[in-house]
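Chains A and B, in that order, are what the protein sequence lines are. Add 10 to the 1-based position in the first sequence for the numbering used here, that's all there is to it. Add 10 to the 1-based position in the second sequence for the numbering used here, that's all there is to it. Note that beta-carbon positions come from the ideal geometry of N, C-alpha and C, so glycine has one too.
Number of protein chains: 2
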Amino acid sequence: MLVGRQKRAGHLGLARSNRVRTAADVAHRQRLGAGNVARMHTGFHPFTNAVENDCLFAYESRCKAAFDKIEPVLREIAQFQHDSNFIIKAQELARLLLNLELPEHLLENTWIAPLEMGKLYAWCVFETFRLFADEFYSDKPLAQESDADFQHFIESCGFHTVDFSPCADGRLAHTISYVLRLPYKGVRRKSYAGAMFDVEDSLQKWVEVEHRRLSESLPNSASEPTRYLKAAVYHYSSSLPGQEGCAAHGSDAAKAAEGAMSRLLAFQQGVQNSFCCGASIDLMLIGIDTDNDAIRIHCPDASGNPDGENYIDAQAVYDATRHANPADSERIISELIEQKSSAASREDNRGLVKFMARLLFNNISQIDYVRNNFNGCYSDIGHQERFIGMGVGFEEVQLRNLTYFAYLKTVEQNATDVDVGIKIFTGLNIKRGLPAPVVIRYDYHGNVPGARERAVAKVHCLQQAMAARFPEQTQQGLIHTMLVVRDCSADNSIEVVGGSTQPGVTGGGH
Amino acid sequence: MLVGRQKRAGHLGLARSNRVRTAADVAHRQRLGAGNVARMHTGFHPFTNAVENDCLFAYESRCKAAFDKIEPVLREIAQFQHDSNFIIKAQELARLLLNLELPEHLLENTWIAPLEMGKLYAWCVFETFRLFADEFYSDKPLAQESDADFQHFIESCGFHTVDFSPCADGRLAHTISYVLRLPYKGVRRKSYAGAMFDVEDSLQKWVEVEHRRLSESLPNSASEPTRYLKAAVYHYSSSLPGQEGCAAHGSDAAKAAEGAMSRLLAFQQGVQNSFCCGASIDLMLIGIDTDNDAIRIHCPDASGNPDGENYIDAQAVYDATRHANPADSERIISELIEQKSSAASREDNRGLVKFMARLLFNNISQIDYVRNNFNGCYSDIGHQERFIGMGVGFEEVQLRNLTYFAYLKTVEQNATDVDVGIKIFTGLNIKRGLPAPVVIRYDYHGNVPGARERAVAKVHCLQQAMAARFPEQTQQGLIHTMLVVRDCSADNSIEVVGGSTQPGVTGGGH
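Structure, rendered in structure tokens:
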């Protein structure tokens, strides 16, 4: 996934002798020949890609530090707000420590009124996010395995599309790029509180995907016997299971798994009942321990669907393969899966098991990532998001605990997702007098006339709906918003089109 | 369309000698042989289907009378609310005059508190609507031209789907079944204030339709060179152009046409830019004079799209064909269209012109309908809707001025459509102390698991959003709601799942 992957130590990809080798398989074999870099790092699992881990950690640390410096720097700036050369000193500090030019309209008039610290704080968070997004789209810090390679790989597993719905919880925001080490562009990601994804929205997406296959043979021809894979990702906390699990399911891992599973089955049956010709989809259910990012993947049952009770734990795979040869990884992990589930060894589950094996293999790197950089358990095992993201988009957010992200088109129909976000930020910020910074976003297809204007209208509409839902916090400046749109047909960065910290806007209002 | 159509007098359908005759064409030729019933009604246009007109008028009169009796009957009931045998007398009157059994919970306690008349009124409107819907789905009073016949006809015009977006104005609610005399099941209808339809929603629908053609060859195979026809229907008032036109466009017919046209072009370009292989759609722009239901259809310009400036008026067609032979109707009307537009005679516009000719032909019956039953101009040239319908569904509403209908999934993103409705009912009801009855509706596909539960949740959510948008009117009982869902995959009637007039609900609240 990373540029560093070119030097990837071990990687799933050695095709079993009885399987067809895809182009991606061959590429992976070549990478294996580059030698096992991980072995040079004492204590690492032989499957771990230590170089990739270093790159990912550098990126995560740098980005988060940019956000985390804001509060201490503003605390310092607050101290001399009554000095005669306040603006000059404040700008110097901000430039030096935050790499930001503060907005003059928020620095003026301190001789007669106190600095609007909450607003300035929100402005800094928004501006830091804007710079972060710009870098993401211009420098591509999470450079990916080529789209074609990944597409070849999933097709070799029998899928043409993989669609993940993790929980909206910020501790899962890095699920794709870090925990599962998948290329973010190759995976659809739509987050919902409790992973309770919208079945009708998914059905619509399924139709879009199948239409494209039928009409344009993209990503592959509809005559290929591949399927749409829908995965739901729930979470739990092994150290504080009753407190730091999923709020939407009362911090109960079994209920979280059940809830996600019920949506998966509804989606599958919806496809089967609504379309002809044996249309169906494959399902996957994954749990993440948010303490250490170890995953569990539910094994297929007799019907091929995830078994709610029976899963394979990446930590167990980690331990069982502690001294294995990376070249044998796929075979060894597949065997471990088959030991857990007799159905896994069936011919028609072979592709699914191959994909599961890849995810478990990839997750071993992440287990070492947390082990090496955080002593095996995050210090922020609870919420530590820096801002709320709501709307449609946010491809650039691939970092843990950076964003509480709710995928939605209206507050009205997704109030739960928004309420959970504000509840989290009441604990994190509002109770300390700091506002909850909310980035309201709508990605649009620039090739549809008027789409940008409608996206702009939509973010304004969402802003109004937020103000109507949280009138007190908005009035008191305890919720601030930045309105952002992005043409997702082009490869541009985001465009800021409004918000409560802009010149001429008073309070947190709109 | 009606059962009466079997005796249809004159009908478009005589294929020109150089055209392929479809099954529908042949069926229409056979009907022509039944003789021209219209000629027997003095003063009717020879193309008019007088039998159908009679059936339609009987249905319209009967349905509307059921709603219109409510207020006078309740006025009478109000007079003896303090009598000792009040409930018995009220029920007798209601049974006799309204065919309703009034709900006991709204009749009790009149000795100590005045009758909640507004609530009782809303309840009666809702119950009348429920009975109206039940009749619609069980008795099928608007029995249709067979689906297959109509599908054959539109395919002979080069279309596989026709999708109409009229204005949400109640004076256009009968557009499909009356004004244009098309079978309501054969036409997609989604209403928006000002006919300003949602481009992204239409794109989604287009993908669904094309997917079904590609995967199931329904309604026809994707290899057939037919297209999706999108029509927008705006309106104006010839007698009071500055007052009784479209409120969403400041009662300006030119602006209404322009607004609708801009959405049509955006949709067309959206399809062209988003999909490959020469994907496109055909467009049609229609205006309705709400005084007398005469339509104008904009002629194709050089590109084949509707010309904003150049249209053909059904009244002019009516006059020009006053003495024509119905058997020649298609040829004569096509020639009139070609006189208005040189582009209309082009080979690639032939199907479009054929469809236009059919609409103009059908509209002649409606012109006579208004002439015969309303002296050529409705007495209710302004708003006279009986209730507001909002949400997804309302296939059964095919009557003029019965319902202000807003197609929407949330109040948040379609606030304009809702606001216009409440504004209309402020004039009609609220200023007289009568509540605005609002039917909140969500049709669902029963073959998708959980779809009914989600539809029920959605109507409750819409009810809350209405209460939040109109808190005073809700509090004062000046907006009442009935919550309704329907499984549109089955052929059942509606199901009432809640509302403000149900037992145990106080005020207009929820």
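A residue is called buried when at least 16 other Cβ atoms come within 10 angstroms of its Cβ; L110 of chain A meets this threshold and is buried. At a Cβ-Cβ threshold of 8 angstroms, L66 of chain A and Y379 of chain A count as neighbours. Counted as a single uninterrupted DSSP element, the alpha helix (DSSP H) harbouring F163 of chain A occupies residues D157 to S166. V515 of chain A carries a coil assignment under DSSP once its states are collapsed to helix, strand and coil.
Chain B has a Cβ within less than 8 angstroms of the Cβ of P459 of chain A. The three-state secondary structure of R332 of chain A, taken from DSSP, is coil.
In the DSSP assignment, T491 of chain B is bridged to B:V448. Rounded to whole angstroms, Y131 of chain A and S247 of chain B show a C-alpha spacing of 55 angstroms. Within chain B, the residues placing a beta-carbon under 7 angstroms from that of T420 of chain A are T420, E422 and Q423, ordered along the chain.
Nearest Cα to N372 of chain B within the set B:D179, B:L192, B:C287 and B:A270: B:L192. For the pair L190 of chain A and I305 of chain A, the Cα-to-Cα distance works out to about 9 angstroms. Contact check between the region 467-484 of chain A and the region 412-425 of chain A: three or more CB pairs, one atom from each, fall below 8 angstroms, which counts as touching. Assigned with DSSP and collapsed to three states, I391 of chain A falls in coil, not helix or strand. Relative to the Cα of L107 of chain B, the nearest Cα in the group B:E118, B:T138 and B:N119 belongs to B:T138. In the same chain as A425 of chain A, and ignoring 5 residues on each side of it, the C-beta atoms closer than 8 angstroms to its own belong to R479, in chain order. Below the 7 angstroms Cβ cutoff, chain A contributes Q214 as neighbours of Q214 of chain B, in chain order. Taking C-beta atoms as the reference points, M271 of chain B and I307 of chain B fail to come closer than 8 angstroms.
Against chain A, a Cβ distance below 9 angstroms from G280 of chain B picks out H455, N457, V458, P459, G460 and A461. A distance below 6 angstroms between beta-carbons, with the five flanking residues on each side excluded, links K364 of chain A to the following residues of its chain, in chain order: C167. In this model, P459 of chain B and A276 of chain A are separated by some 5 angstroms (Cα to Cα). In this structure, the CA atom of D262 of chain A is about 40 angstroms from the CA atom of S499 of chain A. Where I186 of chain B is concerned, there is no enclosing beta strand (DSSP E), because DSSP gives it neither an H nor an E.
Scanning chain A for C-beta atoms nearer than 8 angstroms to the C-beta of C287 of chain B yields S225 and E226, reported in chain order.
When A:F136, A:I296 and A:F96 are compared, the shortest CA-CA separation from P124 of chain A is found for A:F96. Distance from the CA atom of S231 of chain A to the CA atom of E226 of chain B, rounded to whole angstroms, is 16 angstroms.
Residue pairing by DSSP puts G508 of chain B in a beta bridge opposite B:L493. Every unbroken stretch of the beta strand (DSSP E) spanning 3 or more residues and falling wholly within the region 212-269 of chain A is given here in chain order: 237-246. In the three-state DSSP reduction, G280 of chain B falls in the helix class (H, G or I).
A264 of chain B is positioned such that its CB atom lies no closer than 8 angstroms to that of M206 of chain B.
The residue from A:F404, A:M400 and A:K441 with its alpha-carbon nearest to that of A475 of chain A is A:M400. Within chain A, the C-beta atoms nearer than 8 angstroms to that of A475 of chain B come from E422, in chain order.
Under a 10 Å Cβ-count criterion, P447 of chain A is classified as buried, with 16 or more other Cβ atoms of the shown protein chains found around its own Cβ.
S339 of chain A carries a helical assignment under DSSP once its states are collapsed to helix, strand and coil. In the displayed model, R396 of chain A falls within coil according to three-state DSSP, outside both helix and strand. Among the residues of the region 175-202 of chain B, none has a Cβ less than 9 angstroms away from any Cβ of chain A. Residues of chain A whose Cβ lies closer than 9 angstroms to the Cβ of V209 of chain B are, in chain order, V458, P459, G460, A461 and R464.
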